[in-house]
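The structure under discussion appears below in the form of C-alpha cells.
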Amino acid sequence: RCVAWLAFSRGWVEGKSFTVETGAGPLGVSVTADNIVRAGVGTVQRHRITDLAVSGHTVHPVGIGNPHAVMFVDDTTVADVDGIGAQVGGDHLFPDGANVEFLHVVDESTVDLRVWERGVGETQACATGAAAAVFVAHEQGQTGDEVTVRLPGGELLIGIDGDDVWMQGPAHLVFSGSVQA
Numbered sequence: 548r549c550v551a552w553l554a555f556s557r558g559w560v561e562g563k564s565f566t567v568e569t570g571a572g573p574l575g576v577s578v579t580a581d582n583i584v585r586a587g588v589g590t591v592q593r594h595r596i597t598d599l600a601v602s603g604h605t606v607h608p609v610g611i612g613n614p615h616a617v618m619f620v621d622d623t624t625v626a627d628v629d630g631i632g633a634q635v636g637g638d639h640l641f642p643d644g645a646n647v648e649f650l651h652v653v654d655e656s657t658v659d660l661r662v663w664e665r666g667v668g669e670t671q672a673c674a675t676g677a678a679a680a681v682f683v684a685h686e687q688g689q690t691g692d693e694v695t696v697r698l699p700g701g702e703l704l705i706g707i708d709g710d711d712v713w714m715q716g717p718a719h720l721v722f723s724g725s726v727q728a
C-alpha cells in the first residue's frame, strides 16, 4: 500500500490503477482518494496442520505470503500478546515462525486486532495479519465480506472475495532521505 502510494505520488506510474511486483507475486493496486490506497493482498492458503489449542484458545493457521496463527479473544486489550504470541509463533508446527493475531469480533463489519509479528514482537499494524484474521472470521460466518479492522496503529478495510483478499487504507509519507550508493 505504501509503495503504491509513493509510486503514484511521485509520478512513477501512469494512472490510478497499476500492478506492483512483490515477493509473493504481482498485486493490483489503486489510489482511490487522497492518501487512500486499495491493494490486493493475495490468496489465503489454509495450512494442512490442524488447529492448535494454546492457553485455552483455538489457533487457526493460515498463510497469506507469510504464516499466520489467528486466535479469537474476548478482549484484545487484555490479551497476553507477548507471552502467547511468542509461544504460538515459535511453535514447532511453524518451522519459520508465524505472526500471531489476537482477534475480537465486534460485529459483522468491525473487528479489533492486535498482532505479534515473528522476529519483532507486537506491532501497531499488520496488513497481512488483518487479512488473515478477517479471512478466518469470515470463513466461520462471523463477519461479512467487508470488515473494518481496528488496530493500535489505525484502521484498515479488508475485503474477502472467495480465497482472495484486498485491503484499503491510508498511506502517509513519514520520512524522506537518500542513500549514497
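So for the sequence shown, the working numbering puts the first residue at 548; every next one is plus one. Beta carbons are placed, not taken as given, at the ideal position from N, Cα and C, and that holds for glycine. Given the structure is predicted, the values throughout are model-derived calculations rather than measurements.
Cβ neighbours of ALA571 in the same chain (closer than 7 Å, five flanking residues each side left out): One-based indexing of the sequence shown puts residue 571 at position 24. Within the same chain, ALA571 has close Cβ partners GLY589, GLY612.
Per DSSP, cross-strand counterpart(s) of THR670: Mapped onto the sequence shown, residue 670 falls at position 123. Answer is VAL662.
The beta strand (DSSP E) enclosing SER720, as first and last residue numbers: In the sequence shown, counting from the first residue as 1, residue 720 sits at position 173. It should be noted that the sequence gives Leu, not Ser, for residue 720. Segment: none, LEU720 is in no beta strand (DSSP E) and carries neither H nor E.
Sub-9 Å separation of ASP659 and THR623 beta-carbons: Here residue 659 refers to the residue found at position 112 when the sequence shown is read from its first residue. Here residue 623 refers to the residue found at position 76 when the sequence shown is read from its first residue. Yes; because the gap between Cβ atoms is below 9 Å, this pair is in contact.
Residue range of the unbroken beta strand (DSSP E) whose run includes ASP629: Taking the sequence shown and counting its residues from 1, the one referred to as residue 629 is at position 82. ASP629 -> not in any beta strand (DSSP E); alpha helix (DSSP H) instead, spanning 628-636.
N- and C-terminal bounds of the alpha helix (DSSP H) containing VAL647: Here residue 647 is taken as the residue at index 100 of the sequence shown, counted from 1. Unbroken run through VAL647 is the beta strand (DSSP E), 646-654; no alpha helix (DSSP H).
Same chain, Cβ closer than 6 Å to PRO573, five either side skipped, listed in chain order: Here residue 573 is taken as the residue at index 26 of the sequence shown, counted from 1. For PRO573, where only same-chain residues beyond five positions count, the Cβ hits under 6 Å are THR566.
Simplified DSSP state of TRP713, which is helix, strand or coil: The residue you call residue 713 lines up with position 166 of the sequence shown. Note: TRP713 maps to strand in three-state DSSP.
Sufficient close CB pairs (3 or more, under 8 Å) joining the region 603-610 to the region 697-704: no
Option nearest ASP638 by Cα separation, candidates HIS615, ALA684, ALA626, VAL652: The residue you call residue 638 lines up with position 91 of the sequence shown. When only C-alpha atoms are compared, the closest one is HIS615.
Distance, SER723 Cα to ALA554 Cα: For the purposes of this step, residue 554 is identified with residue 7 of the sequence shown, where counting begins at 1. For the purposes of this step, residue 723 is identified with residue 176 of the sequence shown, where counting begins at 1. Taking the straight line joining both Cα atoms gives about 14 Å.
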